[in-house]
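Residues 153 to 478 in the working numbering are what the sequence shown spells out, letter by letter.
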Amino acid sequence: MIITQTPLRISFLGGGTDFPGFFKKNGGCVITTTIDKYVYCIVKERFDDKIYVNWSKKEIVNSVSEIKHELVREAMRKVGVKKGVEISFLSDIPSSGSGLGSSSSVTVGVLNALYHYVGHTPPAQQLASEACEIEIDILKKPIGFQDQYIAAFGGLRFIEFRKRGGVKVEKVDIGETVVEDLDNQLMLFFTGKTRSAAGILTEQKSNIKKKTLVLNKMAHQARRVCHFLENGRVSKLGEVMNEGWKLKKSLASQISNSELDDLYIKAKEAGAIGGKIPGAGGGGFLLLVVPDTKRQAIRRALRGLKEMPFRLEIDGSKVIFDIRRY
Numbered sequence: 153m154i155i156t157q158t159p160l161r162i163s164f165l166g167g168g169t170d171f172p173g174f175f176k177k178n179g180g181c182v183i184t185t186t187i188d189k190y191v192y193c194i195v196k197e198r199f200d201d202k203i204y205v206n207w208s209k210k211e212i213v214n215s216v217s218e219i220k221h222e223l224v225r226e227a228m229r230k231v232g233v234k235k236g237v238e239i240s241f242l243s244d245i246p247s248s249g250s251g252l253g254s255s256s257s258v259t260v261g262v263l264n265a266l267y268h269y270v271g272h273t274p275p276a277q278q279l280a281s282e283a284c285e286i287e288i289d290i291l292k293k294p295i296g297f298q299d300q301y302i303a304a305f306g307g308l309r310f311i312e313f314r315k316r317g318g319v320k321v322e323k324v325d326i327g328e329t330v331v332e333d334l335d336n337q338l339m340l341f342f343t344g345k346t347r348s349a350a351g352i353l354t355e356q357k358s359n360i361k362k363k364t365l366v367l368n369k370m371a372h373q374a375r376r377v378c379h380f381l382e383n384g385r386v387s388k389l390g391e392v393m394n395e396g397w398k399l400k401k402s403l404a405s406q407i408s409n410s411e412l413d414d415l416y417i418k419a420k421e422a423g424a425i426g427g428k429i430p431g432a433g434g435g436g437f438l439l440l441v442v443p444d445t446k447r448q449a450i451r452r453a454l455r456g457l458k459e460m461p462f463r464l465e466i467d468g469s470k471v472i473f474d475i476r477r478y
């Protein structure tokens, strides 16, 4: 039995510039981090030749091509596992529509588990690039490259997407004091709504050409914040995220709505420096940067929402259990 633990992420700035349709012409970059909320993938050998897949549904099939869970199906094809296996998933949060990159964490996590199941130890770069291949090239999902790379590498990262291809992943050089400040000043609240990202991201993808100027500004914001954090200026993260949220909302019509706007206004009035809806938008979680002295005021202002306490996570996808009978 193999169990992998793959972290979820919160995206700070630059999201949207990781779409191939943008960065292959303009270059792109994001600043993003993993958090201590996870997707767990369990891969176990079966005595029979059937394939069992346990998610929100239970599948028992005879061949890989029959699997309805498309991420599992394509990961099995990629790794070459064909039969006699059971694959199960557990998650710390709602499995879809959260805006915390859970789908890509599933892809990276199942790839990692399957490779270890057949006796290989894949590097993070391989996990990330193959997850992108599965989600974007094979399944044609209208998404970018950010989520797969941060799930595989983990930590607080500045990720650069290059015009001529290739992805450069850099650790943001911060000390323990800044990590502690981020842990103390970042807050997540569940809006109570999950949504399918596909519609929002399809519109955003179709708008790339006419939103090039906005996306270039968003990439510049990611670079600025990387510099600010390396110099210990956490409050600047909130200020730039406030600017970035305004830009992000212009990329597609359903990224925000009156209800989400009202929540953000309440948070700002209660003392939040800035924030955003991570991921595609439209629902999921509200991420805020809040001075330590204002945290209780924020909780009172958003008392109808469930807070999700969290801390930053330094690791990417990893095996946490590996026992074989032979």
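The C-beta atom is built at its ideal place from N, Cα and C for all residues, glycine as well.
*Note down, one range per segment and in chain order, each alpha helix (DSSP H) of at least 4 residues found wholly within the segment 322-396.*
328-337, 349-358 and 364-382
*So is V191 buried or exposed if we call it buried at 16+ other beta carbons inside 10 Å?*
So V191 counts as buried.
*Residues near T273 in its chain [Cβ-Cβ closer than 8 Å; skip 5 each side]*: Y267
*Does DSSP classify S163 as helix, strand or coil?*
strand
*Count the C-beta pairs between the segment 285-303 and the segment 238-251 that are closer than 8 Å, then say yes if the count reaches three, no if not.*
no
*Between L160, G166, R376 and P159, which lies nearest to V366 when the distance is taken from Cα to Cα?*
G166
*What is the DSSP secondary structure of N212, counted as helix, strand or coil?*
Note that residue 212 is Ile in the sequence shown here, rather than Asn. Strand.
*In terms of residues, what are the limits of the alpha helix (DSSP H) holding R451?*
Counting along the chain, the unbroken alpha helix (DSSP H) around R451 starts and ends at R447 to A453.
*For the beta strand (DSSP E) containing R309, list its first residue and its last residue.*
L308 to F313
*Name the two residues that bound the continuous alpha helix (DSSP H) containing D299.*
Q298 to F305
*Can you grab the Cα-Cα spacing for the pair V258 / L223, in whole Å?*
8 Å
*Take S469 as the anchor and find which of R476, G396, N359 and G306 has the nearest alpha-carbon.*
G306
*Do you know whose CA, among N214, R309 and K210, lies nearest D467's CA?*
R309
_Quick check: the segment 250-257 against the segment 425-436, are at least 3 beta-carbon pairs closer than 8 Å?_
Counting C-beta pairs closer than 8 Å gives three or more between the segment 425-436 and the segment 250-257, which meets the contact rule.
*State buried or exposed for H379, treating a residue as buried only when at least 16 other CB atoms are found within 10 Å of its CB.*
So H379 counts as exposed.
_Those residues which DSSP pairs with D474 across a bridge_ = I154
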